[in-house]
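Q: Residue numbers (the working numbering), protein chains in the order written: chain A, 262 to 612; chain B, -19 to 267; chain C, 316 to 618.
We put the beta carbon where it would ideally sit given N, CA and C, even for glycine.
The structure's right below; bear with me while I get my questions together.
Okay, structure coming up:
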């Protein structure tokens, strides 16, 4: 919605062959149900007659939306969909905006390697769902490639209400780093019980949960030193050559939504729109095939970071995860050096 | 090291299991007395968790201090559910009560979702952990576990030694005989619903203390409560507590020594096995 | 009956009029109807409340997905494989039926819920079935809403035909006798065990095929979506709303409920489930025989 505002009021439409096009967003609630997604995307395409589509949130629903879009020859820009498999299904109409799941935890391992060459043992615990499992598998591969030992690799149900015995097993392996997690509730539970059971590691990097302000509200000072991967942060500092500055995005978003700080979900939604806008401008057409072709050679530096796809599949290859760390109650970007605003605090002292 | 881990797993299972047991007490009581399965039990538990959470968030009340208020709300809620929904269907076939409570559960869960969103709620760590040798005792879970044991004992004393409790037990055994003996069965039903929901709220308050939750968590706790009651049997609070501990231990041992991913299946496999072996439940009774 | 046929002809015509949005809306109408027929065959006729009926939908979807992945090279229309999904669901019901249908009343309801959750967890821990990743099918099947839609129609008509047969046969009377009083039915010479298992197997088949068809349409199957308790809720409410144990109840209940969902979904998330809950309570308290029951009483009064 912030993107709609940006196009219609800041750049004054998208200029295509001398005509200004304005953006109108149409959206429905999918109830996280695959069968609803089919019905609603059909509705968007045939009844609302939209020109371009964005994916729903979550990988499972993304498959369904991409399939419907493909059958109508529509381009669909993926946001909130991170599982790599979606780009292995033979679709060519799915444009990735965000870093895929298999690379989510890769930068954590780079950070660990840079700051502590002596660290050897990594424990990976993850939630039982496609996104987290793919992040964990990617992390495992990358750890092994970089000479680490993966001393624990296990999943827990995504609805887990107690992780004490998982953590007891992790503790017994004496890891240097504990990485993984899944979604918000289990991420909070993981850290809470790690403290309660006195499970220590020099680095904790936990998916999704760490990025939310509510993470600190839930855990208080126990959130300090905890890291997590993020697609984007309000304080990132990328060089921008296309679209608004990071500062403009954050302040406009806060003005539009009751002073709420944008999360990376909001930023990636905006970035997806911006990415599409650039491709339309480059193609100088609203034709799906021409816009799709324009994406192939498009390479942008936006407030969200660099964007570029693999021409064959459409998967995002340029964008990278940043790593945040809670430092004294403040969430700071600590990695990669090109976007960081603070140095990581390492190692994490024992609880 | 091996033994220390074993001890830690045993303790984890005991804590988790006693919370399961406590959470299921209210379900067991209503099931035994009214012969109604309160499918909405999980939703009522989570409602109790929200009550404890909001009292903490808004007024800074520790869940143990706010307990009297939470329990009172639970008791009154139970009474109102009884008079509005349960009384009209007491004589109706079993299908009716199952579906009414299913409906109630949908209403409660979705109202919570609409008003309080699906955001995860939980309390920060309020009680520190202790180390006994190399075994770690989690403070809030220890307190929750002690609360579960005390509550079970109090409930047993209440059922055994008070006039009201004896009337409730008489109704569990045979409601017609009880009413012949001068027990006001309808009043007993209403009070049982009140106590049942009160116990659900108590379980909820302890969940708020120990574990993050959302409205969706209702389903999981409802399922666990069913499993606990089926395994522990009807009519005896101690059986319910033990049923919870059996599930807690089985689950934690599965996590540590078999596969963490399979743990949630354990309770349900136990549940189905017990039912398949004793199709009318552990405490079958003629009507 | 005449108006009913006219309505079917109209709906079948929809995919050929080119609006795939209307078709996909009707897909969910059909899904509600078929699943309501499926659970009606068991719960509606025998009174055994199945809180885990979605397990057959899920097993059907997974079995179909496995067939599609293994045999897509044959080049046949993938929707044919959904029959295998139905058969697999029936097989599961056959194996499970004898022990689980011994369990009576509310205990049965709880046991089925347990089975459904356990199967879901086991599948998400089975790497051959995709484990946590689920099973994406987009690489094997072409998105073909028309075939899916026709398959759902065939399935609905088959479910209605079977229900019609059951309603008027000795088998159906036996099932109803079980619902009224199982012990008495047994004394009257009804082979209750056989009858119950047969109803279970039949009802599983329709849910299984429906799961298979939707698995192919959505092109991605995971345990979260295909074993969700709320799907069982939808089936039960649709059946209750229309009138349980009747021929037209699931049709009417499914139709009303899916349109209700479609109209509320546009406004507030979760509103439709709240509305379903209220409907369910009101139905049981004031309208236990559903819409069909009311219509029947009306016509009887008029006649």
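1) Report the option in 374/A, 456/A and 390/A whose CA atom is closest to the CA atom of residue 406/A.
2) Is there a C-beta anywhere in chain C that falls below 8 Å from the one on residue 242/B?
3) Can you list, in chain order, the residues of its chain with a C-beta nearer than 6 Å to that of residue 35/B? Leave out the 5 residues immediately preceding and following it.
4) Can you say whether residue 276/A is buried or exposed, counting buried as having 16 or more other CB atoms within 10 angstroms of its CB?
5) Checking contacts by CB at 8 Å: is residue 87/B closer than that to chain C?
6) List the residues of chain C whose Cβ lies closer than 8 Å to the Cβ of residue 352/A, in chain order.
7) Assuming residue 349/C and residue 470/C are in contact, meaning their beta carbons sit under 8 Å apart, how far apart are those beta carbons, in whole angstroms?
8) If we cut at 8 Å on Cβ distances, does residue 415/A have a partner in chain B?
9) Whole angstroms is fine: what's the gap from residue 592/C's alpha carbon to residue 32/B's?
10) Curious, which full-length alpha helix (DSSP H) runs of at least 4 residues does the stretch 163 to 219 of chain B contain?
11) Let me know if residue 283/A comes out buried or exposed under the rule of 16 or more other beta-carbons within 10 Å of its beta-carbon.
12) I need the boundaries of the beta strand (DSSP E) containing residue 466/A, first residue and last residue.
13) With a 10 Å radius around its C-beta and 16 neighbouring C-beta atoms as the bar for buried, classify residue 601/C as buried or exposed.
14) Given a cut-off of 8 Å on the beta-carbon distance, is the pair residue 60/B and residue 69/B in contact?
15) Taking the beta carbon of residue 587/C as the centre, do at least 16 other beta carbons fall within 10 Å, making it buried, or is it exposed?
16) Just checking: is the beta-carbon of residue 592/A within a distance shorter than 8 Å of some beta-carbon in chain B?
17) So, is residue 457/C buried or exposed, given that buried needs 16 or more other C-beta atoms within 10 angstroms?
18) Do you know how far the Cα of residue 194/B is from the Cα of residue 184/B?
19) Would you say residue 245/B faces chain C, with C-beta separation under 8 Å as the test?
20) Taking Cβ to Cβ, would you say residue 264/A is nearer than 8 Å to residue 590/A?
21) Taking 8 Å as the threshold (beta carbon to beta carbon), is residue 308/A in contact with chain C?
22) Just checking: is the beta-carbon of residue -3/B within a distance shorter than 8 Å of some beta-carbon in chain C?
23) Please list, in chain order, the chain B residues whose beta carbon lies closer than 8 Å to that of residue 457/A.
24) My output table needs one value for residue 586/A: the three-state DSSP class, helix, strand or coil.
25) In the DSSP assignment, find the alpha helix (DSSP H) that holds residue 536/A and state where it starts and stops.
26) Our contact map puts residue 159/B next to residue 152/B with C-beta atoms below 8 Å; I'd like the distance itself, whole angstroms only.
27) When Cβ atoms are compared, which residues of the stretch 423 to 441 of chain A fall closer than 8 Å to chain B?
28) Against chain A, with Cβ distances strictly below 8 Å, would residue 529/C count as a contact?
29) Per the contact definition of three or more C-beta pairs closer than 8 Å, is the stretch 355 to 362 of chain C in contact with the stretch 485 to 496 of chain C?
30) Looking at C-alpha atoms only, which residue of 271/A, 295/A, 518/A and 600/A is the closest neighbour of residue 584/A?
31) Could you pull out every residue in the same chain whose Cβ sits closer than 7 Å to the Cβ of residue 446/C, ignoring the five residues on either side in sequence?
32) Do we get a CB-CB distance below 8 Å when we pair residue 165/B with the residues of chain A?
33) Quick check: what's the CA-CA separation for residue 454/A versus residue 98/B?
34) Along the chain, where does the alpha helix (DSSP H) that runs through residue 52/B open and close?
35) Can you say whether residue 505/C is buried or exposed, counting buried as having 16 or more other CB atoms within 10 angstroms of its CB?
36) Less than 8 Å between CB atoms is the rule here; does residue 555/C satisfy it with respect to chain A?
A: In this structure, then:
1) Checking every option, the nearest Cα to that of residue 406/A belongs to 374/A.
2) The beta carbon of residue 242/B sits closer than 8 Å to some beta carbon of chain C.
3) Within the same chain, 41 and 46 come within 6 Å of residue 35/B by CB-CB distance, once the 5 residues on both sides are set aside.
4) Counting Cβ neighbours within 10 Å, residue 276/A comes out exposed, since fewer than 16 surround it.
5) Yes, contact with chain C.
6) 453, listed in chain order.
7) Yes, they are in contact, since the Cβ atoms of residue 349/C and residue 470/C sit about 5 Å apart, within 8 Å.
8) Cβ-Cβ to chain B under 8 Å: yes for residue 415/A.
9) Inter-residue distance for residue 592/C and residue 32/B is about 25 Å (C-alpha atoms, whole angstroms).
10) The stretch 163 to 219 of chain B is shown to contain whole alpha helix (DSSP H) runs of 4 or more residues at 165 to 190 and 197 to 212, in chain order.
11) Under a 10 Å Cβ-count criterion, residue 283/A is classified as exposed, with fewer than 16 other Cβ atoms of the shown protein chains found around its own Cβ.
12) From DSSP, the beta strand (DSSP E) with residue 466/A extends over 464 to 467.
13) Answer is exposed; the Cβ neighbour count stays below 16.
14) Going by C-beta atoms, residue 60/B is not nearer than 8 Å to residue 69/B.
15) Buried, because 16 or more other Cβ atoms sit within 10 Å of the Cβ of residue 587/C.
16) It does not; no Cβ of chain B falls within 8 Å.
17) Counting Cβ neighbours within 10 Å, residue 457/C comes out exposed, since fewer than 16 surround it.
18) Straight-line Cα distance between these residues: approximately 12 Å.
19) Yes, because at least one Cβ of chain C sits closer than 8 Å to the Cβ of residue 245/B.
20) Against a cut-off of 8 Å, the Cβ pair of residue 590/A and residue 264/A comes out as no contact.
21) Closer than 8 Å to some Cβ of chain C, the Cβ of residue 308/A qualifies, so yes.
22) With 8 Å as the cut-off, residue -3/B does not count as an interface residue toward chain C.
23) The answer, in chain order, is 105, 109, 116, 118, 119, 120 and 121.
24) Here residue 586/A sits in strand by DSSP.
25) Counting along the chain, residue 536/A sits inside the alpha helix (DSSP H) bounded by residues 525 to 544.
26) Taking a contact as a CB-CB distance under 8 Å, the pair residue 159/B and residue 152/B does not count as one, their CB atoms being some 13 Å apart.
27) Listed in sequence order: 423, 425, 426, 427, 429, 430 and 433.
28) It does; some Cβ of chain A falls within 8 Å.
29) A contact exists between the stretch 485 to 496 of chain C and the stretch 355 to 362 of chain C.
30) Closest by alpha carbon: 600/A.
31) Within the same chain, residue 446/C has close Cβ partners 439 and 440.
32) No, its Cβ sits nowhere closer than 8 Å to a Cβ of chain A.
33) Whole-angstrom Cα-Cα distance: 22 Å.
34) Where residue 52/B is concerned, the enclosing alpha helix (DSSP H) stretches over 47 to 61.
35) Buried is the call here.
36) No, because no Cβ of chain A sits closer than 8 Å to the Cβ of residue 555/C.
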